[in-house]
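Quick note: the sequence shown uses my numbering, first residue 2, plus one each step.
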Amino acid sequence: MKTLASRFATFDRPSKLLMINQFGINVGFYMLMPYLAGYLAGPLGLATWAIGLVLGVRNFSQQGMFLLGGTLADRFGCKPLIVAGCLLRTGGFALLAVADTLPALVVASAATGFAGALFNPAVRAYLAADAGERRVEAFALFNTFYQGGILLGPLFGLALTALDFRVTCLVGAVVFAALTVLQLRSLPRQDVAASTARGSVLSQWRTVLGNRPFLLFGLAMIGSYVLSFQVYLALPLQVRAVAGSGTVGTALVTSLFVVSGAVAVFGQLRVTQWFGRRYGPARSIVAGMALLSGAFVPLLLVPDGDVLGPVPAVAAVLLSAALLALGTVAVFPFEMDTIVRLSGERLVATHYGCYNTVVGVGIMLGNLFTGTIFDLTRQAGVPQLVWAGLILIGAGCVLALAGLERSWKLAAAPDANPAATN
2 MKTLASRFAT FDRPSKLLMI NQFGINVGFY MLMPYLAGYL AGPLGLATWA
52 IGLVLGVRNF SQQGMFLLGG TLADRFGCKP LIVAGCLLRT GGFALLAVAD
102 TLPALVVASA ATGFAGALFN PAVRAYLAAD AGERRVEAFA LFNTFYQGGI
152 LLGPLFGLAL TALDFRVTCL VGAVVFAALT VLQLRSLPRQ DVAASTARGS
202 VLSQWRTVLG NRPFLLFGLA MIGSYVLSFQ VYLALPLQVR AVAGSGTVGT
252 ALVTSLFVVS GAVAVFGQLR VTQWFGRRYG PARSIVAGMA LLSGAFVPLL
302 LVPDGDVLGP VPAVAAVLLS AALLALGTVA VFPFEMDTIV RLSGERLVAT
352 HYGCYNTVVG VGIMLGNLFT GTIFDLTRQA GVPQLVWAGL ILIGAGCVLA
402 LAGLERSWKL AAAPDANPAA TN
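Put into structure tokens, the structure is as follows:
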């Protein structure tokens, strides 16, 4: 922690504020969202289809609107979008606290999701510009704060929801209100892309969509997000299959997130330094992707508790969670830096927004595949197949990224892109 504090102290005030802001964003978000479905089904008594609608609207209003959020940040500056996103989420959480009808819940859910689409690309573009040549280190620290918020948020939410979920919503609203004031008063205005957003919105989008190396990189990285997301989907399902859904199962599911968060919080800086020295930026992404793919090997070897018993089966799940976290922290800082380089440092927020949209669609399709295959393979008595399928997805992405790295498409930004300066 001393290393973390000392490295944090070397950055300028805007970068520090953005890291603290992201920690607060994740604490506020994750104290509420893991328990939303239970609140909708329990106290409010909504039907399953209605719960799916509320959660689906939140997901679409964020993932589907990232490109718009990034575009707005490039046109109007990052600070206004960060402040607007925090303010909108304040209102969304406050509305969730009082809403008891489906239309009101849908509006609150949409506001909560769209808020993320506003501040997510803007935060990353601002941090990339402020950190300059120290982007990789800045994003490593950023991910430490990011994961710390994910680790602590559900714990705070669990305590508050034990009182009343509406209390959790109001506390979440207070967190985002405080972040709004903090960013409004203390974050310097920095129009990181003002000189590159002179054309129409369509010209901005044509610039991004015409950036072939960037699009190829985004498509190749979908697998990274599909695999890392399994700590929320396939691994909890595996724990339930091995340990049941009682107290022990619930405790083990919680331990997955503790393991994942601890690896990121305590290992991020060391992992980034080691990978950077050994492989360099582009090859670190390839190596990290290989680590993500290999994270499911323990589950391939011990797919259930029938042969070796439940303890080795649970140990395999925890080991996979740790390896997924390690692969994610290895990839993330170099991934964020690569997006900036591939953008040519033009329309950076729009590139981040487009990238998040691409991987968001990939996560949705990947989860549909994983959830379907998980049930089918267990019913067929071959649970190994789901893990083999995930390993193959990762291996395909490793090959794609290695091909991009060999062709130098990850090494430098495209200099000649006429639409970028329209």
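We treat Cβ as the ideally placed atom computed from N, Cα and C, and that holds for glycine.
Could you say which of the options lies nearest to residue i if we only look at CA atoms?
{"i": "V107", "options": "I52, G295, G310, D307", "result": "I52"}
{"i": "A38", "options": "V55, N22, F24", "result": "V55"}
{"i": "L270", "options": "Y226, G397, V332, P313", "result": "V332"}
{"i": "I29", "options": "G92, D13, L400, F297", "result": "The question names Ile, but residue 29 is Gly in the sequence shown. Comparing Cα positions, the closest option is G92."}
{"i": "L164", "options": "T11, C398, P44, S204", "result": "P44"}
{"i": "V58", "options": "D75, A105, L41, S110", "result": "S110"}
{"i": "L302", "options": "F9, L386, G150", "result": "L386"}
{"i": "R347", "options": "F24, G71, M34", "result": "G71"}
{"i": "A322", "options": "G295, S344, V232", "result": "V232"}
{"i": "R76", "options": "L203, P299, F370", "result": "L203"}
{"i": "G1", "options": "Y226, L343, L402, W275", "result": "Outside the displayed range of the chain (2 to 423) lies residue 1, so it cannot be described from this structure."}
{"i": "A291", "options": "M222, G354, P334", "result": "M222"}
{"i": "A112", "options": "P282, F146, N60, I21", "result": "N60"}
{"i": "Y353", "options": "V298, I340, T378, T162", "result": "I340"}
DSSP three-state call for residue i: helix, strand or coil?
{"i": "Y233", "result": "coil"}
{"i": "M32", "result": "coil"}
{"i": "D131", "result": "helix"}
{"i": "P15", "result": "helix"}
{"i": "A47", "result": "Just to set this straight, residue 47 is Leu in the shown sequence, not Ala. Three-state DSSP puts L47 in coil, outside helix and strand."}
{"i": "A195", "result": "Since pLDDT at A195 reaches only 47, below the 50 mark, its modelled position is unreliable, and the value read off the structure follows with that caveat. DSSP places A195 in helix when its eight states are reduced to three."}
{"i": "G211", "result": "coil"}
{"i": "S201", "result": "coil"}
{"i": "L103", "result": "helix"}
{"i": "G245", "result": "coil"}
{"i": "D307", "result": "coil"}
Exposed or buried, residue i, counting other C-beta atoms within 10 Å across all chains shown (16 or more means buried)?
{"i": "W388", "result": "buried"}
{"i": "R407", "result": "exposed"}
{"i": "L405", "result": "buried"}
{"i": "Q380", "result": "exposed"}
{"i": "L229", "result": "Contrary to the premise, residue 229 reads as Ser rather than Leu in this sequence. Classification of S229: buried, given that the 10 Å Cβ count is 16 or more."}
{"i": "G86", "result": "buried"}
{"i": "T4", "result": "exposed"}
{"i": "R278", "result": "exposed"}
{"i": "S187", "result": "exposed"}
{"i": "A195", "result": "Because the pLDDT at A195 is just 47, under 50, the model does not fix this residue reliably, and the value given afterwards should be weighed accordingly. A195 should be labelled exposed."}
{"i": "V349", "result": "buried"}
{"i": "G289", "result": "buried"}
{"i": "R1", "result": "Residue numbering for the chain in the displayed model covers 2 to 423; residue 1 lies beyond these limits and cannot be assessed."}
{"i": "D307", "result": "exposed"}
{"i": "G367", "result": "buried"}
{"i": "P384", "result": "buried"}
Identify the continuous alpha helix (DSSP H) that holds residue i and give its terminal residues.
{"i": "S344", "result": "Neither: S344 is in no alpha helix (DSSP H) and is coded neither H nor E."}
{"i": "D75", "result": "67-77"}
{"i": "L253", "result": "248-295"}
{"i": "L188", "result": "No alpha helix (DSSP H) contains L188, which DSSP labels as neither H nor E."}
{"i": "G39", "result": "37-42"}
* Could you give the uninterrupted runs of the alpha helix (DSSP H) lying entirely in the stretch 136-167, keeping only those of 4 residues or more? -> Complete alpha helix (DSSP H) runs here, min 4: 136-164.
* Secondary structure, alpha helix (DSSP H): runs of 4+ residues fully inside the stretch 353-415 -> DSSP assignment within the stretch 353-415 yields the following whole alpha helix (DSSP H) runs of 4 residues or more, N-terminal first: 385-407.
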